[in-house]
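There are 2 protein chains.
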Amino acid sequence: MSIQQQKRPRFLRHTRQREAILRVLRMTHEHPTADWIYQEVRKEIPHISLGTVYRNLKILTEMGEAQEMSYGSSYSRYDGDPRLHYHFVCDDCGRIEDLEMPLVEGLEAKAAEWTDGRIESHRLEFHGLCRECNGR
Amino acid sequence: MSIQQQKRPRFLRHTRQREAILRVLRMTHEHPTADWIYQEVRKEIPHISLGTVYRNLKILTEMGEAQEMSYGSSYSRYDGDPRLHYHFVCDDCGRIEDLEMPLVEGLEAKAAEWTDGRIESHRLEFHGLCRECNGR
DNA sequence: ATACGTGCAAACGCTTTGCACTCTC
DNA sequence: GAGAGTGCAAAGCGTTTGCACGTAT
């Protein structure tokens, strides 16, 4: 269940591909999928491969140049408590804790002022290191 | 990109399998994966299949008896804005909007009182229907 | 009797990876 | 020229699905 760090090169190089991917990422607010980015970059670099897109997205995410909107692990996890509550996720071991803290008052109402969608619920999740992973 | 509703039966039946899955789900706070639940239920119903577990988890989630901790869509989406900010996710069409709202003050400090992990960041996401999907 | 649920295995589809080659530094 | 990055294709792997059979109502 542990989320392993993989080996990273000692330094990063500038390549057309990486630059183009970052440019596409910066240029859109659509929260694109890897494949959408691939199609877009292909207009400029027709022979780029999807694998390269994935590799660079991962690197850019690790460098803090982008965010990947998904969970660290590849599979879904289920919570048998259907009530709205918050979670703490350990970014190292993947462990998820329920937080017993009270819900933040008026959060959805506040957010409603910033979108014209209809808000029906929310999800709040804290990330960091659990006690065990922090200790080592 | 649209998240389709699939056909549901007109009524649900009680089965040993469904009951066992729900019981396992209720019994743990570990936010298990489908496979973990499968292994657990297998102790009681050795011939249950993983497909059945997935099917029931989906149904239980739709019935509001459990939560699935992942995004509605199966692929990752990327955000070229690396700053911490909140999102609005349309549960119908999958569209994701950036919210320009200010960060909630003191949120991580508050949460830190309820866990012994070290909090380093958080993620807040509002769900509902975007304007277009709400209108139809 | 009806039609929902299950087991099994194959199919799916997004993502990752091995390998030989290319390109930065 | 060392080693990081790329393209291609195959492999990985969690999840879904088709089908024939079982079973709750």
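So the protein sequences, as listed, match chains A and B. Be aware that the first sequence starts at 1, since it is given in our numbering, and climbs by one per residue. Be aware that the second sequence starts at 1, since it is given in our numbering, and climbs by one per residue. Cβ coordinates follow ideal geometry from the N, Cα and C atoms, glycine included.
- A contact between stretches requires three or more CB pairs, one per stretch, nearer than 8 angstroms, and the segment 29 to 37 of chain B fails this requirement with the segment 35 to 49 of chain A.
- Here the segment 73 to 85 of chain B makes no contact with the segment 52 to 64 of chain B; the two share fewer than three CB pairs at distances below 8 angstroms.
- Its Cα nearest to that of Asp92(A), the residue Ile119(B) stands out among Ile119(B), Leu124(B), Val41(B), Gly106(B).
- Counting only Cβ-Cβ distances below 8 angstroms, Ile59(B) has no contacts in chain A at all, with the closest Cβ about 12 angstroms away.
- For Ile37(A), the uninterrupted alpha helix (DSSP H) run begins and ends at 34 to 42, by DSSP.
- Less than 9 angstroms divides the Cβ of Phe126(B) from the Cβ of Thr115(A).
- If the five residues before and after Ser121(A) are omitted, its C-beta is found closer than 7 angstroms to the C-beta atoms of Leu84, all from its own chain and listed in chain order.
- Of all residues in the segment 87 to 101 of chain B, only Phe88, Cys90, Ile96, Glu97, Asp98, Leu99, Glu100, Met101 place a beta-carbon less than 7 angstroms from a beta-carbon of chain A.
- Listed by position along chain A, the residues whose Cβ is nearer than 8 angstroms to that of Pro32(B) are Arg77, Tyr78.
- Contacts with chain A at 9 angstroms (Cβ-Cβ) include Lys110(B).
- Rounded to the nearest whole angstrom, the CA to CA distance from Asp98(B) to Met101(A) is 26 angstroms.
- Buried is the label assigned to Leu25(A), since at least 16 other Cβ atoms lie within 10 Å of its Cβ.
- When Cβ-Cβ separations below 9 angstroms define contact, Glu65(A) makes contact with chain B.
- Rounded to whole angstroms, the separation of the alpha carbons of Glu105(A) and Thr28(A) is 33 angstroms.
- Counting only runs of 4+ residues, the alpha helix (DSSP H) found wholly inside the segment 74 to 126 of chain A occupies 107 to 112, in chain order.
- If you ignore the 5 residues before and after Ala66(B), its C-beta comes within less than 6 angstroms of the C-beta of Leu25, Leu60, all in its own chain and listed in chain order.
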